[in-house]
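Take a look at the structure set out below.
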Ligand code: GCU
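Numbering (the working numbering), first residue to last: -15 to 324.
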């Protein structure tokens, strides 16, 4: 409720400025219009806190864009799901209500199932390998452009580290330890199947609901990277963090096609260059922040443990077989494996 009010205030305010500035169009065309009459502010919906490397990298990108366009263009990131949970913000980007959003890979599968390829368990061997793939347009081009007919451009992929299971009551070592455990997963059928194969029961929901769901016993735990585990304080209520390392999903920066295409050519170039720098720095920051996040979680009572990775890899292997169905996903899979 509180969030809804903030959201309408944020959007409403810009609609008012837009109308005063004589641009017209109302909320639907609000995404890239002048915030203060002089500067066009491209809004980014973000579901994580200001401390997150993606927030920091995008904030810097906005500052650099402002400098390089002599104050004409900038971006503003709205953290903590202020503009809504990821699923809703995708629709808002599509309709042009907001310019951009950062969205976890699994959510794109319902827009184009081929996105599954980067969301499969044990797809990437390391963050380095992930970076080689995400920063190579020859590999990503077809997939990233595949939503353009739906009004969305995928402009970049950030890292979100590796995801690991955490539980309220005990450490996990093998799939048997997840038996009967309700684990929150991101909203995709692939994630649900994955959790089933890992031995648990997947419960899909947005990130913002997880803390209360664990606290109230609706679920027994979740799966996420160390940064979110620590920053969203899940470590306080689910202290057993087990290194299953089952997923390394991308977080995509998506932009409304309409907004991007209307940018002048020189601004597009600046946008693309600064975004590439943001991805570079985000990978580095993310890596640097893992140890700090772990230390903070440990201080709050969390216990980290290794697991029998081979047992988990074996358990989820059928999913990869099942999901790589199309020519594009098969081709992408081959290209990733060629980097091993
Ligand atoms: C990670 C990821 C987010 C995602 C979240 C989740 O934090 O970076 O994009 O929303 O996990 O589990 O929902």
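Heads up, the beta-carbon is just placed ideally off N, CA and C, and yes, glycines get one too.
The beta carbon of residue 219 is closer than 6 angstroms to those of 213, 281, 284, 286 in its chain, skipping five residues each way along the sequence. As the crow flies, the alpha-carbon of residue 198 is around 28 angstroms from that of residue 272.
A distance of 9 angstroms or more separates the beta carbons of residue 116 and residue 143.
For the alpha helix (DSSP H) assignment, the uninterrupted runs of no fewer than 4 residues enclosed by the stretch 126 to 189 are, from N- to C-terminal side, 173 to 182. A Cβ-Cβ distance of about 6 angstroms is found for the pair residue 39 and residue 61, placing them in contact under the 8 angstroms criterion. For residue 244, the secondary structure class from DSSP, reduced to helix, strand or coil, is helix. Counting only residues of its own chain and dropping the five nearest sequence neighbours on each side, residue 312 has a CB closer than 7 angstroms to the CB of 98, 126, 127. Two segments are said to touch when three or more pairs of C-beta atoms, one from each, lie closer than 8 angstroms; by this definition the stretch 260 to 277 does not touch the stretch 160 to 180. Under DSSP, residue 234 takes part in a beta bridge, and its partners are 143. A contact between stretches requires three or more CB pairs, one per stretch, nearer than 8 angstroms, and the stretch 231 to 246 meets this requirement with the stretch 101 to 111.
Collapsing the DSSP output to three states places residue 102 in a helix.
Beyond the five residues adjoining it in sequence on each side, residue 185 comes within less than 6 angstroms, by CB distance, of 166 in the same chain, given in chain order. When rounded, the separation of the alpha-carbon atoms in residue 316 and residue 33 is 32 angstroms. Comparing alpha carbon positions, the residue from 36, 236, 238 closest to residue 215 is 36. Annotation for residue 170: 88, 90 place their beta carbon closer than 6 angstroms to its own, counting only its chain and skipping 5 residues before and after. Annotated three-state conformation of residue 194 is helix, per DSSP. Proximity to residue 83 across 300, 239, 246, 275 peaks at 239, based on C-alpha coordinates. Looking at the DSSP output, residue 27 shares a beta bridge with 60. The straight-line gap separating the alpha-carbon atoms of residue 172 and residue 54 is approximately 42 angstroms. Exclusion of the five residues before and after residue 155 leaves 224, 226, 289 as the residues of its chain whose Cβ lies within less than 6 angstroms of its Cβ. Residue 235 and residue 86 do touch by the CB rule: their CB atoms are close to 5 angstroms apart, below 8 angstroms. Residue 63 counts as buried, since at least 16 other C-beta atoms from the protein chains shown sit within 10 angstroms of its C-beta. Around the C-beta of residue 250, fewer than 16 other C-beta atoms lie within 10 Å, and the residue is accordingly described as exposed. For residue 88, DSSP records a beta bridge to 235. Counting along the chain, the unbroken alpha helix (DSSP H) around residue 261 starts and ends at 249 to 283. Secondary structure note for residue 205: its beta strand (DSSP E) is the uninterrupted segment 205 to 208. Boundaries of the beta strand (DSSP E) around residue 287: 287 to 290. For residue 293, the enclosing alpha helix (DSSP H) has its first and last residue at 293 to 307.
Under the three-state reduction of DSSP output, residue 73 falls in the helix class.
Its Cα nearest to that of residue 255, the residue 50 stands out among 96, 23, 50, 22. Annotation for residue 148 indicates a beta carbon at 8 angstroms or more from all heavy atoms of ligand 1. C-alpha of residue 195 to C-alpha of residue 222: approximately 9 angstroms in a straight line. When distances are taken from the beta-carbon of residue 184 to the heavy atoms of ligand 1, even the shortest one reaches 8 angstroms or more.
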